[in-house]
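Peer 1:
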Amino acid sequence: MKRDLETRDDLFVLLRKFYDTLLKNETIAYIFTDVAKIDMKHHLPIIVDFWEMVLFDAPTYKKNAIQPHLVLNQKSKFEKHHFDTWLETFGKTVDELFEGKNAFAAKQKAKSIATIMQIKIAQLK
């Protein structure tokens, strides 16, 4: 039996595997590598801060998570299939590594985040 997502270290494990998988996916990798030009060594702790805040109410993330994505969308339009790929990959990664209340909550929060992001992008049109 897998254990639940419980710690910041768990989030590092989850998000490292998630991004490793995304960066191998032709549908979405270019957004990270060519558009955002993300340095994962720098970016991963920021993403962990965000998810630690979302899942565990930790005061680790103080930024606006939506704004940088809106800027990226202006450079290269995010399409529904990008969000679908992101969500599917996130859900599969969570399920592969963890199970339990927090794992379920992470998948639900990811759906909410993707929905909000799509609404915000649509409002810009």
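Using my numbering, the first residue of the sequence shown is number 30, and each one after it goes up by one. Virtual Cβ for every residue (Gly too), placed ideally from N, Cα, C. It should be emphasised that the depicted structure is a prediction, and the values quoted were computed from it without experimental measurement.
DSSP three-state call for residue 30: helix, strand or coil?
Peer 2: Sequence index remark: in the sequence shown, residue 30 carries index 1 (1-based). DSSP places residue 30 in coil when its eight states are reduced to three.
Peer 1: My assumption, with CB atoms under 8 angstroms, is that residue 102 sits in contact with residue 35. Please give the rounded CB distance.
Peer 2: Here residue 102 corresponds to residue number 73 of the sequence shown, with the count starting at 1. Here residue 35 corresponds to residue number 6 of the sequence shown, with the count starting at 1. Your pair residue 102 and residue 35 does not check out as a contact, with CB atoms roughly 33 angstroms apart and the cut at 8 angstroms.
Peer 1: What is the rounded straight-line gap between the Cα of residue 54 and the Cα of residue 63?
Peer 2: Taking the first residue of the sequence shown as 1, we reach residue 54 at position 25. Taking the first residue of the sequence shown as 1, we reach residue 63 at position 34. Those two C-alpha atoms are separated by around 13 angstroms.
Peer 1: Let me know if residue 59 comes out buried or exposed under the rule of 16 or more other beta-carbons within 10 Å of its beta-carbon.
Peer 2: The residue labelled residue 59 in the question sits at position 30 within the sequence shown. So residue 59 ends up on the exposed side.
Peer 1: Determine the burial state of residue 100: buried for a count of at least 16 other Cβ atoms within 10 Å of its Cβ, exposed for fewer.
Peer 2: Along the sequence shown, one-based indexing puts residue 100 at 71. The residue is exposed, with fewer than 16 neighbouring Cβ atoms inside 10 Å.
Peer 1: List in chain order: all unbroken alpha helix (DSSP H) runs of 4+ residues lying wholly within the stretch 34-120.
Peer 2: 37-51, 69-85 and 95-104
Peer 1: Beta-carbon within less than 8 angstroms of residue 109's beta-carbon, same chain only, minus the 5 sequence neighbours each way: which residues are those?
Peer 2: The residue given as residue 109 occupies position 80 in the sequence shown. Closer than 8 angstroms at Cβ, skipping near neighbours: 147.
Peer 1: So what does DSSP say about residue 133, is it helix, strand or coil?
Peer 2: Locating residue 133 in the sequence shown gives position 104, counting from the first residue. Residue state, collapsed to three classes: helix.
Peer 1: Check whether the Cβ atoms of residue 122 and residue 46 lie closer than 8 angstroms to each other.
Peer 2: The residue labelled residue 122 in the question sits at position 93 within the sequence shown. The residue labelled residue 46 in the question sits at position 17 within the sequence shown. The answer is yes: Cβ separation under 8 angstroms.
Peer 1: Between residue 44 and residue 149, what straight-line distance do the alpha-carbon atoms span, to the nearest angstrom?
Peer 2: Taking the sequence shown and counting its residues from 1, one reaches residue 44 at position 15. Taking the sequence shown and counting its residues from 1, one reaches residue 149 at position 120. Spanning the two alpha carbons is a distance of roughly 24 angstroms.
Peer 1: For residue 57 versus residue 115, is the C-beta spacing smaller than 8 angstroms?
Peer 2: Sequence index remark: in the sequence shown, residue 57 carries index 28 (1-based). Sequence index remark: in the sequence shown, residue 115 carries index 86 (1-based). Yes, the Cβ-Cβ distance between residue 57 and residue 115 is below 8 angstroms.
Peer 1: Which whole-angstrom value describes the C-beta separation of residue 119 and residue 139, a residue pair presumed to lie in contact below a C-beta threshold of 8 angstroms?
Peer 2: Residue numbering aside, residue 119 sits at position 90 when the sequence shown is read from its first letter. Residue numbering aside, residue 139 sits at position 110 when the sequence shown is read from its first letter. About 5 angstroms; that satisfies the 8 angstroms criterion.
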